[in-house]
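Student:
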Amino acid sequence: MGNLKQGEFIGSLDCGTTSVRFIIFDQYANVVAQYQSEFPQYYPNPGWHEHDAEEIQQVSELCIARACSNLEEGGWTKESVKVIGITNQRETTVAWSRSTGRPLCRAIVWTDSRTKNTVAHFEHVLTHTGLEVEEGLFKNGEEGVEALREITGLKLSTYFSAIKLRWMIDNYPDVHRAHEGDDLMFGTIESWVLYNLTGGSNTGLHVTEVTNASRTLLLNLRELKWDPLLLKFFGFRKTILPKLVSSSEVYGHISTGPLKDVPIGGLVGDQQGALVGNKCLKEGEAKCTYGTGAFLLFCTGKDIVKSGHGLLSTVAYQPGPGTAPVYALEGSIGVAGSAIKWLRDSMGFIATANEVNTLAASVTSTGGVYFVTAFSGLLAPYWDSGAAGLLIGLSSYTTPAHIARATIEANAFQTRAILESMKLDSNTELKHLKVDGGMTNGDVCMEILADIGGFDVIRPEMRESTALGSALLAGSAVRLFGWDISKPETLSEVNTKGSREFNPRTTIKERQKSWTCWLRAIERSKGWEEGVDE
């Protein structure tokens, strides 16, 4: 390879819902080398969505190896990578054996909605039975439901990890036996990947980071500790849980491969990673990431803001061990880019995802069509697991172009619904929204978002914000380039390439008319599956 140069770079392993990528950044957040690879999705029953955790691990190691090869082809030594961070799809739940280090079943993905009956059971316990404990927090009735939310910041929903784990223990004999025999290890994807990168069943570390832990329904949001009351409520042994760590510290070192002995210094859930990557580190700053789903996070600083309008309180990041966490309000949309994938793979309207913009732009409106993309129920701010996907307003005039445009509009309407809730919760009117993720590559998508939302949309040139977030946290852990995540001014030279702004072109009256129609469509979608025999 000739004489390779020695540099100082940071790696980020971004484990998404459909693919993994390893990106190597320089101190300005320029991408020096990268490699991305998809992994299989499994849909064994309606509403089920599974991953093979070992396949995710294999693809992760492949991406690291190939990106390092690309780095060397670019003239740099692989020793130039000084530290790596990991960011991940969040609530996806992995159960593995302590003795073998191997998964006991397929991972249940965050989008999976098989656990509706499990949710209904725990709702029944909270509203009718309560939980007899000395602390008296889980009384029956509304107080029980509110007490759970008071501790976790979350709602009882199919979305969160504890519900998925309870289902695994109840339905998979291997997981049940491991739990009873104290051989079960539980974690989200970052926990599983770190365990394997640091040596697996031999020397692997069993840790989880607080932003991911705050999505389990098991974390006390104020104290940042596993809550014994919640473990009792869901019926889990404490020994299955990983050790809690901050978002930025050296957890351990990679045990094999081209980056052997490189420290792992940043862990963060993908949406919080994008918040950090967009440098929305102060109260009142917000971003929305449009990937498989869409996730809008609004930084609330050191305060936990409790939502009265269907949003979640969550940890934004913890800048280091023992430091005060920064919190956020979050609105989650279950289906965003996956609806475009549906147009491509299931309906055959487009050959590639990018074509949705061209198809949607071939018409000036949806022709009265509204598309509620509730493929697995509705998340924020509606929280209706019984909602169904709905196309309404169809006529003989409707073409695939109208449906493509309605698919993009659905994304914008759901974003607006979350922002309306954030406005009510925080008394803050958002003037602009920073965006990233695959869907934001299309100008038509961004124009429609600005038109329906009535706010300015800011799209940065470098949109690998999720990966950048974990890189910034990892760099901060070893103070590379003088970065310190708790002092945003130290990041002033990061990702300053510029951005493009999209401004609303519609009138308030036009926006209000379409918004009213959307709300009517949502009402028709809600509760569709309630009362239907399983």
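Just so it is clear: in the sequence shown, position 81 is 81 by the UniProt record's numbering, and no numbers are missing.
Cβ coordinates follow ideal geometry from the N, Cα and C atoms, glycine included.
#1: With a CB to CB cut of under 6 Å and the five nearest residues on each side skipped, what residues in its chain are close to residue 27?
#2: My understanding is that residue 334 touches residue 379, with C-beta atoms under 8 Å, so please give their C-beta distance in whole angstroms.
#3: Have a look at residue 192 and residue 346 and give me their C-alpha separation to the nearest angstrom.
#4: Near residue 156, what residues of its chain come up, given a Cβ to Cβ distance below 8 Å and the 5 sequence neighbours on each side ignored?
#5: Return yes when the Cβ of residue 106 is within less than 8 Å of the Cβ of residue 51, no when it is not.
#6: Under a three-way DSSP split, which group does residue 482 fall into?
#7: Suppose contacts are defined by Cβ-Cβ distances below 8 Å. Is residue 91 in contact with residue 76 by that definition?
#8: Among the residues of its own chain, which have a CB less than 6 Å from the CB of residue 265, if the five just before and after it don't count?
#9: Within this structure, are the beta carbons of residue 214 and residue 205 separated by less than 8 Å?
#10: Specify the secondary structure class of residue 41 as computed by DSSP and reduced to three states.
#11: Specify the secondary structure class of residue 201 as computed by DSSP and reduced to three states.
#12: Touching or not, the stretch 398–415 and the stretch 258–277, by the rule of three or more beta carbon pairs under 8 Å?
#13: Check for me: the alpha helix (DSSP H) holding residue 460 runs from which residue to which?
#14: Name the DSSP bridge partner or partners of residue 123?
#15: Are the Cβ atoms of residue 80 and residue 63 separated by less than 8 Å?
#16: How about residue 356 and residue 442: do their beta carbons lie closer than 8 Å?
#17: Ends of the alpha helix (DSSP H) at residue 511?
#18: Could you spell out the range, first to last residue, of the alpha helix (DSSP H) harbouring residue 468?
#19: Based on Cα-Cα distance, which residue from 331, 196, 34 and 58 lies nearest to residue 383?
#20: Just verifying my parser: in three-state terms, what is the DSSP assignment at residue 537?
#21: Check whether the stretch 454–464 and the stretch 494–510 are in contact - that is, three or more C-beta pairs closer than 8 Å.
#22: Report the option in 369, 287, 288 and 317 whose CA atom is closest to the CA atom of residue 208.
#23: Let me know if residue 303 comes out buried or exposed under the rule of 16 or more other beta-carbons within 10 Å of its beta-carbon.
#24: According to DSSP, simplified to helix, strand and coil, what is residue 487?
#25: Whose C-beta lies closer than 6 Å to the C-beta of residue 276 among residues of the same chain, with five residues either side of it excluded?
#26: Going by DSSP, what residues sit across from residue 51 in a beta bridge?
#27: Among 325, 329 and 296, which residue has its Cα nearest to the Cα of residue 312?
#28: Taking 8 Å as the limit between beta carbons, can you name the residues of its chain near residue 395, skipping five residues before and five after?
#29: Confirm, please, whether the CB-CB distance from residue 425 to residue 305 is below 8 Å.
#30: Taking the continuous beta strand (DSSP E) assigned at residue 316, which residues delimit it?
#31: Do residue 44 and residue 279 come within 8 Å of each other at the CB atom, strictly closer than that value?
#32: By DSSP, does residue 234 sit in helix, in strand, or in coil?
#33: What is the rounded straight-line gap between the Cα of residue 492 and the Cα of residue 71?
#34: Output the distance between the C-alpha atoms of residue 510 and residue 520, rounded to the nearest integer angstrom.
#35: Considering just the uninterrupted stretch of the beta strand (DSSP E) at residue 499, what are its terminal residues?
Tutor: Looking at the coordinates:
#1: A distance below 6 Å between beta-carbons, with the five flanking residues on each side excluded, links residue 27 to the following residues of its chain, in chain order: 481.
#2: 5 Å
#3: 32 Å
#4: For residue 156, where only same-chain residues beyond five positions count, the Cβ hits under 8 Å are 119, 122, 123, 126, 145, 148, 163 and 217.
#5: yes
#6: helix
#7: In this structure, residue 91 sits away from residue 76, with a CB-CB distance that is not shorter than 8 Å.
#8: 83, 250, 474, 477 and 478
#9: no
#10: coil
#11: In this structure, residue 201 counts as helix in the three-state DSSP scheme.
#12: no
#13: Here residue 460 belongs to no alpha helix (DSSP H); instead the beta strand (DSSP E) covers 456–460.
#14: The partner list for residue 123 (beta bridge, DSSP) is empty, contrary to what the question assumes.
#15: no
#16: yes
#17: 508–525
#18: For residue 468, the uninterrupted alpha helix (DSSP H) segment begins and ends at 465–477.
#19: Of the candidates 331, 196, 34 and 58, the one whose C-alpha sits nearest the C-alpha of residue 383 is 331.
#20: Given that the chain is displayed from residue 1 to residue 534, the structure contains no residue 537 and the question cannot be resolved.
#21: The stretch 454–464, when compared against the stretch 494–510, does touch it at the 8 Å Cβ threshold.
#22: 317
#23: exposed
#24: Looking at residue 487 - three-state DSSP - the assignment turns out to be coil, as it is neither helix nor strand.
#25: 317, 469 and 472
#26: Partner(s): 107.
#27: Nearest C-alpha to residue 312: 329.
#28: 367 and 368
#29: yes
#30: Annotation for residue 316: the continuous beta strand (DSSP E) segment containing it runs 312–317.
#31: no
#32: helix
#33: 26 Å
#34: 16 Å
#35: 499–502
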